[in-house]
Amino acid sequence: MASSFFAAKATSSSKLTSKQRVEPALQPWVEKYRPKTIDDISAQEHTVAVLRKTLTSTNLPHMLFYGPPGTGKTSTILALARQLFGPDNFRNRVLELNASDERGINIVRDKIKNFARQTPRAETVASDGKVYPCPPYKIIILDEADSMTQDAQGALRRIMETYARITRFCLVCNYVTRIIEPLASRCSKFRFTPLDSDSAALRLSHIAQAEEIDVDKAVIDELISTSAGDLRRAITYLQSASRLSSSSTPATKIKPVDIQEIAGVVPTAVIEDFARILGIEVQNDMVVDDSPPRVDGRGGFEPIKKYVKFLMREGYSATQIISQVHDLVTFHPTLNGRKKSKCALVFAEADKALCDGADEELWVMEVGLRVNKAVLS
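Add 8 to a position in the sequence shown, counting from 1, and you land on the number used in our numbering.
So this is what it looks like as structure tokens:
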């Protein structure tokens, strides 16, 4: 009786576990199409070439990966670890900690130190019909290491030296200057650059083809433009656009304007109308139907105030508005350097104020008035 009870319980538990597994169709595409090997890494040719040699020599130094978000830092070290240890030993040989974990000195002294001191077995392991090098060391991945406290980084130095024979560390961060020098000097540094347009387009086209999505070159170009070299963001936008297009019956074709809407980009026509009110000459004479009436003359408090209220009412982000006005001013063909430098100062002040939590509408007003004054001076 008791045995049948426990057998039934075990059966129901196994069913629950199988249900909890995430179906591939429900996975975020960022995880679904995460590179499985270092050869799948887009761009970063120098880093890939160096790491490929470690697969044959199994001689891996401590490493420091740094660069902007979405450039493949975490994916690269995870792909390398999978190729070194295989699926069977990956969990036993790799410890990954990210920003969601406690990053103070206690976690360094306890969890990291206890894992680092374990001696692994040095043998080649055959798994899934493949042979993996499985070198005689473990890998500890500290993602977003620049968020670690100074004390924790200091405590990590000694652990890296003590257990260097059986443990390798890989620090992953966006800002290398936030890693203390004694820690950085113990690592081989690898800089990850924003993906170039060709590499990003190739990867996005591959994902679209795998998901059977019909996207044209204009959509790919818009994804690359709005993501600014962040491939993770571009893939997320593509998945959101796919869900949006398939939600209607019949499914609609993805258009560049859909990507702009998902990314929160202010339409070009709206920014150009704002620029005209600020006194900036715009070559493309586009008009937005629901925008306030075009104001004759150049700027002035009331017209700028009226248009800023329209921008806020439409729900556009102040940071995005200022960023796009900044780009328009910076690359304007006729504004001279003196006027651009005056505008650059207010853009910097606005960025700092918004990061500190200042009122968005007031600072868009401030930027508008001071840019208008600089342009007309």
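Just so you know, even glycine gets a beta-carbon here, dropped at the ideal spot from N, CA and C. The model shown is predicted, which means the values in this text are computed figures rather than measured ones.
### Task
On the DSSP bridge assignment, give the partners of Leu239 in chain order.
Locating residue 239 in the sequence shown gives position 231, where the first residue counts as 1. Answer by DSSP bridge pairing: none, since Leu239 is not bridged.
### Query
If we call anything under 8 angstroms between Cβ atoms a contact, is Ser437 one with Arg211?
Outside the displayed range of the chain (9 to 385) lies residue 437, so it cannot be described from this structure.
### Query
Could you give the uninterrupted runs of the beta strand (DSSP E) lying entirely in the region 83-166, keeping only those of 3 residues or more?
102-105, 133-135, 138-140 and 146-150
### Task
Report buried or exposed for Pro311, applying the criterion of at least 16 other Cβ atoms within 10 angstroms of its Cβ.
Sequence index remark: in the sequence shown, residue 311 carries index 303 (1-based). With 16 or more other Cβ atoms within 10 Å, it is buried.
### Chain-order list of residues whose beta-carbon lies under 6 angstroms from that of Val375 (same chain, five-residue window excluded)
Against the sequence shown, residue 375 aligns to sequence position 367. Taken in chain order, the residues that qualify are Ile330, Val354 and Ala358.
### Query
Excluding sequence positions up to five away, which residues of its chain have a Cβ less than 6 angstroms from the Cβ of Leu88?
As a working mapping, residue 88 is identified with position 80 in the sequence shown. Counting only Cβ-Cβ distances below 6 angstroms, and skipping sequence neighbours, we find Ile46 and Leu59.
### Message
Once DSSP output is grouped into helix, strand and coil, what is the label at Phe200?
### Response
As a first step, residue 200 must be located in the sequence shown, where it is residue number 192. The answer is coil: DSSP assigns Phe200 none of H, G, I, E or B.
### Query
From Ile285 to Met320, what distance separates their C-alpha atoms?
Taking the sequence shown and counting its residues from 1, one reaches residue 285 at position 277. Taking the sequence shown and counting its residues from 1, one reaches residue 320 at position 312. Approximately 16 angstroms, taken between the alpha carbons.
### Task
Pick out whichever of Gln217, Ala216, Lys381 and Asp96 has its Cα sitting closest to the Cα of Lys138.
The residue you call residue 138 lines up with position 130 of the sequence shown. Answer by Cα proximity: Asp96.
### Message
Helix, strand or coil, according to DSSP, for Leu370 in the structure here?
### Response
Walking along the sequence shown from the start, residue 370 turns up at place 362. It is helical.
### Task
Return yes when at least one heavy atom of the ligand FMN lies under 7 angstroms from the C-beta of Ala277, else no.
Absent from the structure shown: the ligand FMN. Ligands present: none.
### Query
In or out: Ser385 buried (at least 16 other Cβ within 10 Å) or exposed?
For the purposes of this step, residue 385 is taken as the residue at position 377 of the sequence shown. Burial call: exposed.
### Closest by C-alpha distance to Gly162, when choosing among Arg186, Thr260 and Cys142
Within the sequence shown, residue 162 is the residue found at index 154, counting from 1. Measuring from the Cα of Gly162, the nearest candidate turns out to be Arg186.
### Message
If contacts are defined as beta-carbon pairs under 8 angstroms, then Tyr140 and Leu92 qualify, I think. What distance do you get, rounded to the angstrom?
### Response
Counted from its first residue, the sequence shown places residue 140 at position 132. Counted from its first residue, the sequence shown places residue 92 at position 84. Between Leu92 and Tyr140 the Cβ distance is about 7 angstroms, and since that is below 8 angstroms, they are a contact.
#### Entry: Bridge partner(s) assigned by DSSP for Arg176
Position 168 of the sequence shown, counting from 1, holds the residue named residue 176. Answer is Ile147, bridged to Arg176.
### Query
Taking Cβ positions, are Val102 and Ile149 nearer each other than 8 angstroms?
The sequence position of residue 102 within the sequence shown is 94, counting from 1. The sequence position of residue 149 within the sequence shown is 141, counting from 1. Yes.
### Query
Who are the Cβ neighbours of Phe282 in its own chain at under 8 angstroms, not counting the five residues just before and after it?
As a working mapping, residue 282 is identified with position 274 in the sequence shown. These residues qualify, in order along the chain: Tyr315, Leu319, Ile329, Val333 and Gly376.
### Query
In chain order, what residues of the same chain have a beta carbon less than 8 angstroms from the beta carbon of Glu369, not counting five sequence neighbours either side?
Numbered from 1 along the sequence shown, position 361 holds the residue referred to as residue 369. Around Glu369: Val316, Lys317, Met320 and Ala326.
### Query
With C-beta atoms as the reference, is Cys351 less than 8 angstroms away from Val379?
For the purposes of this step, residue 351 is identified with residue 343 of the sequence shown, where counting begins at 1. For the purposes of this step, residue 379 is identified with residue 371 of the sequence shown, where counting begins at 1. Closer than 8 angstroms, so yes.
### Message
With the cut-off set at 8 angstroms, would you say Pro128 and Ile174 are in Cβ contact?
### Response
On the sequence shown, residue 128 is found 120 positions in, with the first residue counted as 1. On the sequence shown, residue 174 is found 166 positions in, with the first residue counted as 1. Contact: yes.
### Query
Looking only at C-alpha atoms, which of Leu34, Leu231 and Asp335 sits nearest to Glu269?
Numbered from its first residue, the sequence shown carries residue 269 at position 261. Comparing Cα positions, the closest option is Leu231.
### Paired residues, beta bridge with Tyr74 - DSSP
By 1-based counting over the sequence shown, the position of residue 74 is 66. Per DSSP, Cys181 and Arg199.
### Query
Under three-state DSSP, which class holds Gly376?
Start at 1 with the first residue of the sequence shown, and residue 376 comes out as number 368. The answer is helix: DSSP assigns Gly376 an H, G or I state.
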